[in-house]
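Below is one structure, written out as structure tokens; comments come after it.
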Amino acid sequence: MDSINAAADRSAAAAELGNARADHKHADTSERPTSRQPRKASKQIDGTTAAPSGSAALENLTAEDAMRIVLPARMTQFEPFGKARNGSPIPDPDGLGWPGKGTLERLHDSKQEAGERQTRLAGAIRTVLECIGEDPDREGLLKTPERYAKALLWLTRGYEERLSDVIGGAIFAEDHDEMVIVRDIDIFSLCEHHMVPFVGKVSIGYIPSRGGHVLGISKLARIAETFSRRLQVQERLTKQIAMAIDEAIKPRGVAVVMEATHMCMTMRGVQKPGATTVTSAMLGAFRDKDKTRSEFLTLIRSPR
């Protein structure tokens, strides 16, 4: 009798397990997409979808997937200074890069306002001549205030230049991922502490991103010129050049080395003619990789 009851219990358990498996298979089948459902375009990564390949994939592409498609780099329009990196303030609304308090006023001066600015500056120079013990009305100094005002506005014309205008359309899609260097670019600037010149040379290098963009080589010199034609200190000037290039084309790395002689320590103060100041700014691969940095330093120091 006991053996009969045990056999009955085993049969009931087996029947219950079979029903459970059938229910699970039915539920699993109902959750699967049918052939009428559109296929996903491709694997999603970080909320975006790679572009599908083949006409069938395009036919089954949903509107939601189409909004997430990421086109290849060469099919998208490149916009310099599109997004800040390294905490840089370069992509400011006016494209100036570190604008001063009065920079916007000067930038937007009308022709009449620019003339009035120059007249005020000439008047200030006349006062300077009087303060140092000169006679601004003597023959040799009669036009000096106007000449100096024009010269000073020209020497600081970097305040009137937008970086986007300086670079213009000289950004090109090019499959080049090796180092690009322009060395020994002459620079002339005014020390902001004494407003006397410092002069020297700057060497600039960068490594384009793979499948990315290169910058017209003359634009490297133009960027250096823009920032040097402002009241500067050499340390900041070096960094501004590097960060402007980094923001413009998003390379794998940027390196800038500057060597200059400062009149504020050769013709006054400690009066040490021949002393030079060397500054550098290394970003990306040049900062992270010793071999990359060493290669750049070797190339800019190699004999011509």
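For the sequence shown, counting from 1, position 39 maps to 39 in UniProt numbering; every step adds exactly one. A virtual CB, placed ideally from N, CA and C, is assigned to each residue, including glycine.
Item: Within-9 Å CB hit, Glu247 to chain D; Value: Of the chains in the structure shown, none is chain D; there is only one protein chain.
Item: The region 185-205 in contact with the region 218-226 per 3-pair CB rule at 8 Å; Value: yes
Item: Residue range of the unbroken beta strand (DSSP E) whose run includes Ser203; Value: 197-207
Item: Nearest residue (CA-CA) to Pro145, options Thr156, Gly158, Glu130, Arg287; Value: Glu130
Item: Nearest candidate by alpha-carbon position, reference Leu141, set Ile125, Trp154, Leu153; Value: Ile125
Item: Start-end ranges of the alpha helix (DSSP H) lying completely within the region 131-204, minimum 4 residues; Value: 144-155, 163-167
Item: Member of Gln234, Ser209, Asp165 whose CA lies at the smallest distance from the CA of Cys191; Value: Gln234
Item: Coil, strand or helix - Ser280 by DSSP; Value: strand
Item: Close-in-space but distant-in-sequence residues of the same chain around Pro251 (CB under 8 Å, 5 per side omitted); Value: Tyr206, Ile207, Pro208, Ser209, Gly212, Ile245, Gly284
Item: Proximity to Phe296 [Cα-Cα], best of Met179, Ser164, Leu220; Value: Met179
Item: Contacts around Lys143, its chain only, beta-carbon distance under 8 Å, and the 5 residues preceding and following it disregarded; Value: none
Item: 9 Å Cβ cutoff met for Val257 and Thr238; Value: yes
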